[in-house]
Structures are given as C-alpha cells and as structure tokens.
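Mapping the sequence shown onto the numbering used here, position 244 (from 1) lands on 307, and the numbers just tick up by one.
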Amino acid sequence: MNPGSSDYQCIYCFNIYTTKLNRFGGTLHFAALLSPPVTSSTLILCPGNPFPILSWLLGSKISGVSLMATRLQFENSCEVGVFSKLTNAYCLVAIGGSENFYSAFEAELADVIPVVKTSIGGTRIVGRLCVGNKNGLLLPHTTTDQELQHLKNSLPDQVVVQRIEERLSALGNCIACNDHVALTHTDLDRETEEMIADVLGVEVFRQTIAGNILVGSYCAFSNRGGLVHPHTSIEDLDELSTLLQVPLVAGTVNRGSEVIAAGMTVNDWTAFCGSDTTATELSVIESVFKLREAQPSAIVDEMRKSLIDSYV
Numbered sequence: 064m065n066p067g068s069s070d071y072q073c074i075y076c077f078n079i080y081t082t083k084l085n086r087f088g089g090t091l092h093f094a095a096l097l098s099p100p101v102t103s104s105t106l107i108l109c110p111g112n113p114f115p116i117l118s119w120l121l122g123s124k125i126s127g128v129s130l131m132a133t134r135l136q137f138e139n140s141c142e143v144g145v146f147s148k149l150t151n152a153y154c155l156v157a158i159g160g161s162e163n164f165y166s167a168f169e170a171e172l173a174d175v176i177p178v179v180k181t182s183i184g185g186t187r188i189v190g191r192l193c194v195g196n197k198n199g200l201l202l203p204h205t206t207t208d209q210e211l212q213h214l215k216n217s218l219p220d221q222v223v224v225q226r227i228e229e230r231l232s233a234l235g236n237c238i239a240c241n242d243h244v245a246l247t248h249t250d251l252d253r254e255t256e257e258m259i260a261d262v263l264g265v266e267v268f269r270q271t272i273a274g275n276i277l278v279g280s281y282c283a284f285s286n287r288g289g290l291v292h293p294h295t296s297i298e299d300l301d302e303l304s305t306l307l308q309v310p311l312v313a314g315t316v317n318r319g320s321e322v323i324a325a326g327m328t329v330n331d332w333t334a335f336c337g338s339d340t341t342a343t344e345l346s347v348i349e350s351v352f353k354l355r356e357a358q359p360s361a362i363v364d365e366m367r368k369s370l371i372d373s374y375v
C-alpha cells in the first residue's frame, strides 16, 4: 500500500516485547495490534525496553480507543493509591477530598460496587492503612468504633470487616493481596497472618519485592495480572508469578515512580492511576491487568487476535 495514495487509511504496527514467565512455559512474546481507524501518520517499532512491558507509542493519537485506566489526582497529589482502596466488591475513598476525585470513582464503579467515603484512624490515607479483597477488609487498631461501624454498614453483607491488633499498623504498606493470595511483610505477627488467611480467604506468603519488605507499597495485583517494582529481577518475577498464579510485569507509575501501590489502585476490570502517569505506563497497566479484555468492544477482539503464541 502506498502511503501517498488515497486508500491509505490505516497503519498496522506491532510493538513486541518479551518477558520470561516460567508458568507459561518459557519466554512469552507480546504484540499489540492497532486496528483501524488510526490517525497517527506513523508508529515506530521499539523492541528494546529496559523492563518487560507491552506498550504502543503515540496512544493519545489513536481515535476510537477509550482508556480502561483512569488518570486523576487527590487534591494536588498523584498518589491516588494512598487515598483509595479498590477491590472487586467495594471501593473506599478518603473523605474530605475534592468532589472530582470521588466522582471519578463513582462514574466507573457505582453501577457495580459501592463507593464508600471514609477515614481510618481519623486520617485520609485509607489505602495505606487497610487491606482487603472481595471476601473481607482488615483495619488497623487505630480505627475508631464509629469508622468500624460505618464500614460494616456500608459494605456488602458478605464482606467480613475486622479490626486487628498489629504493631505494623499501615496494613496497606505491609500486605498486598488479590482474592486468592496475599504477600506480607516478613515481620508481621503470626496472629495477623492467620487473620489474613481467615478473613480474606487467601494463601499467605511472607515475601520481599526487589529487596523491599514493604510489599504492599511496591506491587499491585489483581486476579488477572500484576505490576511490581521496576528493579525486580527475572528470577523474582518468576517466583512471584508462580506464587500468585498471574502474569507479572516490572514497571512504574506517575512518570517513573517505583512505589506502585501508592500511585494506583486496581481491580479485575478497571484501574485508577495518578495524573502524572504517562501514556506508556498506562498502556502497560491496561495490558498486564488485561483491562481491555474485561471490556466488551470490537477492539478487544483485535487485541486478542494480535497476541503471539508463547515460545518454549
């Protein structure tokens, strides 16, 4: 097809990146196929990324493609994961923020799960103080009786809300989980570990992420995929992916921030990221968490067709 001809209406481009994931039987090659209409005049093949990602360039110029991850900020902060906690059954949002912050969650989630304004221990850093999934919500000992009762009244009946006595009270920094597995700080109390297993209904593993003991800060994962600290080694990616049984990618949010969970919050069908998150970081997030596959659209079919099979 001649680019100068009148029938030159679209460009197909493959951006191919690789990552080694043992559970998929070897090196997995990803490709993103951009289907028409495409308004950009050119897209460039970039095979040499410093960490394994699936991305495409110039995403903002592609017409007809809506992002499945939302960029926003809490007042003047891009650390949206500090002020919110998202699961498949509920979403907690800090009280007192701008109405735009709350409205962004409401617009995406209100038809599916409750969006609850709350404080924890009299503070707004709800995402760093609690940990939860579709089965339960664990709160630190600093949670007041009023806050505890408010959350019990606001969340679905099947969600167990429990306040625990743990000296490492920033539970969101010390624990990361989905609906099946939890990674925890290595020094967490044994009683807390048992509570995590019972209330959240998960297997519990004491782990570090790229040498960091605050596992809840340096990774975010759902039941579909996960993003971890950019300095995570291939060997650690393999081990963590095997434990979690989801594909993992090393990456960043908020224009290079390594503190993944502070800069974003995610569930199985949507994600919210800080407003500094770049287009490339967004497309990585949408790819590894399979957010496009969770959306019923024709574009999804094209994306699925474009995945290249694994090579052993």
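Glycine included, C-beta positions come from ideal geometry on N, C-alpha and C.
- Look at the region 228–278 and you find these whole runs of beta strand (DSSP E), each 3 residues long or longer: 238–240, 244–247, 266–269.
- Taken through DSSP and simplified to helix, strand or coil, residue 218 comes out as coil.
- A Cβ-Cβ contact shorter than 9 angstroms links residue 167 with residue 135.
- Three or more Cβ pairs drawn from the region 271–282 and the region 236–255 lie within less than 8 angstroms of each other, which places the two stretches in contact.
- The residue among 241, 132, 142, 158 with its C-alpha nearest the C-alpha of residue 170 is 132.
- The straight-line gap separating the alpha-carbon atoms of residue 181 and residue 213 is approximately 8 angstroms.
- Three or more beta-carbon pairs separated by less than 8 angstroms are not found between the region 265–274 and the region 331–341, which leaves the two stretches without contact.
- By the Cβ rule, the region 291–303 does not count as touching the region 248–267, because fewer than three pairs are nearer than 8 angstroms.
- By the criterion of at least three beta-carbon pairs nearer than 8 angstroms, the region 217–231 is not in contact with the region 183–191.
- When C-beta atoms of the region 139–156 are compared with those of the region 313–330, three or more pairs fall below 8 angstroms, so the two segments count as touching.
- Shown here, residue 190 sits in a helix according to DSSP, grouped into three states.
- Linking residue 298 to residue 197 through their CA atoms gives a straight-line distance of about 30 angstroms.
- Closest in alpha carbon position to residue 156, among 174, 137, 141, is 137.
- Taking C-beta atoms as the reference points, residue 211 and residue 152 fail to come closer than 9 angstroms.
- For residue 166, the enclosing alpha helix (DSSP H) stretches over residues 162–172.
- Of the candidates 216, 270, 225, 227, the residue whose Cα lies closest to the Cα of residue 247 is 270.
- Following the DSSP letters along the chain, one finds residue 305 inside the alpha helix (DSSP H) bounded by residues 297–307.
- Cβ atoms of residue 222 and residue 307 stay farther apart than 8 angstroms, at about 22 angstroms.
- For residue 179, the closest of 352, 185, 215, 225 by C-alpha to C-alpha distance is 215.
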